[in-house]
Amino acid sequence: MNENDTFLINVQVGGYRLPLRIERKEEELYRLAEKVLGKYLEVYQKKYSHRSEEEVFIFVAYELAVMLVRKMMQQDTVPLAEKLTSLNQEVEKLLAEK
Numbered sequence: 118m119n120e121n122d123t124f125l126i127n128v129q130v131g132g133y134r135l136p137l138r139i140e141r142k143e144e145e146l147y148r149l150a151e152k153v154l155g156k157y158l159e160v161y162q163k164k165y166s167h168r169s170e171e172e173v174f175i176f177v178a179y180e181l182a183v184m185l186v187r188k189m190m191q192q193d194t195v196p197l198a199e200k201l202t203s204l205n206q207e208v209e210k211l212l213a214e215k
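Here our numbering is used: the first residue of the sequence shown is 118, the next is one more, and so on.
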């Protein structure tokens with residue numbers, strides 16, 4: 118990756134400024150992630166107002182990790198489902214020929 122392909126952005130997360138060097142083509146992704154994380158923090162801070170800031174961050178991180186794992190598991194099953202459908206069609210075709 119060429120240094121000209123990257124640049125420095127600053128994102129705000131939970132009152133913290135994070136300077137990040139990113140690829141130019143990914144700026145929109147990082148800006149959207151900043152907004153999503155901000156919304157989650159806002160919701161969880163209201164929901165768990167009796168908890169420390171650190172605990173709220175942990176709740177949000179855990180929730181997002183669960184969402185990521187769920188998405189990864191769904192993606193892993195799609196090729197399997199497609200293959201099973203294809204195999205089922207082949208079996209039905211062979212049975213119809215007999």
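Here a beta-carbon is modelled for each residue, glycine too, at the ideal position from N, C-alpha and C.
Looking only at DSSP bridge pairs, what is residue 139 linked to? Per DSSP, 124.
Just to check my reading of the structure: residue 151 and residue 128 have Cβ atoms closer than 8 angstroms, yes? What is that Cβ distance to the nearest angstrom? Confirmed, about 4 angstroms.
Figure out for me which residue from 130, 125, 146, 144 has the closest Cα to the Cα of residue 136. Closest option to residue 136, judged by alpha-carbon separation, among 130, 125, 146, 144: 125.
Is the region 139-146 close to the region 155-174, with three or more CB pairs under 8 angstroms? Contact fails: fewer than three Cβ-Cβ distances are below 8 angstroms.
Hey, out of 213, 121, 195, 133, whose CA is closest to residue 170's CA? Of 213, 121, 195, 133, the residue nearest in Cα terms is 133.
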